[in-house]
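Scroll down for the structure; my scribbles are underneath it.
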Amino acid sequence: RALRIGTNHGSLSDRIMNRYGDTPLGMVESALEFARVCRRHGFHDLVFSMKSSNPKVMIACYRLLAARLAELGPDWNYPLHLGVTEAGEGEDGRIKSAIGIGALLCDGIGDTIRVSLTEDSIHEIPVCRDLIEQTGRLANLEPLPDCPPLPFDPFEYRRRPADKLPLGEGLACGGDEPIRVVVSRAQREALGPIAPGQDVRPEGVVEDLPVVGVDPRQPFALPEGAGLVTVRDDVPLPAITAFRLLAARLRQMNCRWPILLKDCLRLPEPPLPSRLALLQSATVLGALLADGLGDALWVRLEPDASQALRLAYNILQAVGSRSFKTDYVACPSCGRTLFNLQTVTARIKARTAHLKGVKIAIMGCIVNGPGEMADADFGYVGGAPGKVNLYVGKTPVKFNIPEAEAVDRLVDLIREHGKWIEPPAPAATS
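One rule links them: number in the working numbering = place in the sequence shown (from 1) + 196.
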């Protein structure tokens with residue numbers, strides 16, 4: 197039988213925490229400790245799993261682990277099991293999984309995968325198959341001639357420095373500005389009027405911006421002045437490779453122009469089904485954003501303009517670049533689950549979905565739940581049959597609450613800690 201060595205981002209030992217902190221390096225060193233114990237006893241049927249609900253942390257962990265195993269020698273070439281733990285449900289769960297798993301598969305890292313959804317388990321396998329199938333199209337399998345050094349640290353997130361560029365209407369990209377969402381003129385017209393104060397809205401129209409497209413396979417020159425640089429649609433490279441190469445060329449030139457990311461360089465004919473467009477957009481844009489690249493992004497694969505706009509914001513939220521709604525960490529069901537996760541998750545979302553910037557963990561049991569909540573602000577954790585424990589961060593503060601009262605008590609707890617706002621009134625109907 198094989199043994200999986202799984203390290204949880206949120207439950208590292210005190211000794212590891214004191215030496216390495218709550219970091220990818222700490223997770224890797226913790227896993228290697230257990231591997232050395234196995235090797236001392238001549239046991240080598242191992243598989244590693246780095247468990248985090250944060251795609252950026254998960255990507256850094258696996259890259260670092262793969263590098264450390266390569267350093268240790270060929271007899272340390274153990275398989276890696278990929279997954280974004282507690283990814284959640286629906287579109288959000290699929291986006292988080294595509295960012296973490298897809299980015300690593302495109303890097304050539306990973307031997308088995310699981311998409312961890314708070315849904316019936318039969319819904320996980322089709323997503324896995326779709327992710328694996330698209331990797332061959334999105335990964336670059338050929339070495340590039342005259343390739344400059346990697347333009348980012350693969351083991352630690354740092355956003356690429358870029359000059360600030362005004363976009364109009366008081367908005368800008370680059371510098372310390374949020375990563376902006378832009379659309380084509382056709383998409384903008386299809387969206388129709390945007391309500392004032394709406395969080396999900398286009399922040400620029402591509403045709404109205406000073407965008408310069410280049411071919412990064414060879415050195416290039418940019419015009420005088422300021423602009424937004426992107427990869428031309430006719431460049432015959434996968435998008436991830438092309439934009440990494442673009443960032444490397446800009447660094448060679450000591451150029452700080454902001455970068456406009458695109459989820460594809462050639463629109464497929466016929467258009468991809470929405471389920472595949474979502475996975476490819478999340479994989480491409482999520483991988484680049486996790487590398488620290490990009491100052492604006494443009495979702496093109498999804499043909500529906502409204503869905504494409506929402507997808508862009510959801511990718512930014514999932515990768516941790518922007519927050520426009522409540523973030524949820526929700527585990528899939530297992531034999532230890534002490535309540536109906538799908539029903540409870542829906543009830544909690546119905547009460548808290550308007551809490552922009554708040555992160556809530558919904559965990560089925562106390563075995564793995566507290567450790568896998570990682571950086572959640574509040575936690576709802578099954579403590580015993582019919583009973584729930586509530587957490588602030590990783591600290592349990594309310595115990596054995598009857599399940600029928602638990603959502604109300606969670607709202608009270610959020611209110612006590614100053615994170616509650618009243619939901620907006622429903623729009624009036626004529």
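For glycine and all other residues, C-beta sits at the position ideal for the given N, C-alpha and C.
For residue j and residue i, the rounded distance between their alpha carbons
| i | j | result |
| --- | --- | --- |
| E287 | L313 | 10 Å |
| T591 | W616 | 19 Å |
| G306 | R325 | 14 Å |
| L361 | G421 | 11 Å |
| E601 | G578 | 13 Å |
| W453 | A198 | 49 Å |
| T219 | G269 | 24 Å |
| R447 | T548 | 43 Å |
| T281 | S249 | 5 Å |
| A435 | I295 | 14 Å |
| I375 | D429 | 21 Å |
| E285 | L537 | 10 Å |
| S626 | Q503 | Since pLDDT at S626 reaches only 49, below the 50 mark, its modelled position is unreliable, and the value read off the structure follows with that caveat. For S626 and Q503, the distance between alpha carbons rounds to 26 Å. |
| D630 | L424 | No information on residue 630 is available, as it lies outside the stretch 197 to 626 that the chain covers here. |
| R543 | V603 | 8 Å |
| R381 | G289 | 30 Å |
| T533 | A386 | 44 Å |
| F230 | D241 | 13 Å |
| V495 | V233 | 47 Å |
| G364 | D372 | 17 Å |
| L337 | F439 | 16 Å |
| E267 | N273 | 10 Å |
Residue i in three-state terms, based on DSSP
| i | result |
| --- | --- |
| R413 | coil |
| P598 | strand |
| T308 | strand |
| L199 | strand |
| R356 | coil |
| M559 | strand |
| D523 | strand |
| V224 | helix |
| F574 | strand |
| G286 | helix |
| K615 | coil |
| L334 | helix |
| H237 | coil |
| K552 | coil |
| I321 | helix |
| L484 | helix |
| L300 | helix |
| I610 | helix |
| V401 | strand |
| L461 | coil |
| I390 | coil |
| P276 | As written in the sequence, residue 276 is Leu, which differs from the Pro given in the question. Strand, per DSSP. |
Integer-rounded CB distance, given that residue j should sit under 8 Å from residue i
| i | j | result |
| --- | --- | --- |
| I291 | A478 | 4 Å |
| I309 | I321 | Not quite, the Cβ-Cβ distance comes to about 10 Å (not below 8 Å), so this is no contact. |
| T203 | K252 | Not confirmed; about 16 Å, so no contact. |
| P392 | V377 | No, P392 and V377 are not in contact; Cβ-Cβ is about 17 Å, not under 8 Å. |
| L300 | L278 | 6 Å |
| E498 | S470 | 6 Å |
| G400 | A492 | 7 Å |
| A501 | Q383 | 4 Å |
| R356 | L489 | 5 Å |
| Q476 | L485 | At roughly 15 Å, the Cβ-Cβ gap does not stay under 8 Å, so Q476 and L485 are not in contact. |
Beta carbon of residue i nearer than 8 Å to that of residue j
| i | j | result |
| --- | --- | --- |
| P412 | L441 | yes |
| R330 | L472 | One point to set straight first is that residue 330 is Gln, not Arg, in the sequence displayed. Cβ atoms of Q330 and L472: closer than 8 Å. |
| E599 | G614 | no |
| T426 | V407 | yes |
| M213 | G222 | yes |
| K545 | D523 | no |
| V515 | G482 | yes |
| I255 | A227 | no |
| L474 | L507 | yes |
| V584 | F574 | no |
| S245 | P528 | no |
| F351 | L260 | yes |
| V396 | F520 | yes |
| A335 | C302 | yes |
| P419 | R445 | no |
| G553 | F535 | no |
Which residues DSSP lists as bridging residue i, in chain order
| i | result |
| --- | --- |
| T426 | G409 |
| N204 | K247 |
| R376 | A492 |
| V588 | F574, T591 |
| C369 | L361 |
| A580 | K583 |
| D545 | According to the sequence as given, residue 545 is Lys; it is not Asp. DSSP lists no partner for K545. |
| I455 | V425 |
| L472 | L472 is not bridged to any residue. |
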